[in-house]
């Protein structure tokens, strides 16, 4: 029974994490489209959008997933 609770907890945490990414990318995309500008955190994904021509949401997700992977491999978690 305890194992099911741990698996459920991991699934719920992952679902909340992905939902947060989607909300964040939507907010950044709306900010850019409405000419409000970008924040310093969004400047790298915005540059990726300008250089590679990918969508802002995809660039934001790619950047932050890459950043999390880099941080976990360099800092150990």
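Residue numbers (my numbering): 40 to 116. C-beta atoms are modelled at their ideal positions from N, C-alpha and C, and glycine is treated no differently. The model shown is predicted, which means the values in this text are computed figures rather than measured ones.
Assign residue i to one of three DSSP states: helix, strand, or coil.
| i | result |
| --- | --- |
| residue 59 | helix |
| residue 71 | helix |
| residue 46 | helix |
| residue 96 | helix |
| residue 77 | coil |
| residue 105 | helix |
| residue 66 | helix |
Do residue i and residue j have their C-beta atoms within less than 7 Å of each other?
| i | j | result |
| --- | --- | --- |
| residue 69 | residue 81 | no |
Using the beta-carbon count (16 or more within 10 Å), is residue i buried or exposed?
| i | result |
| --- | --- |
| residue 58 | exposed |
| residue 47 | exposed |
| residue 105 | exposed |
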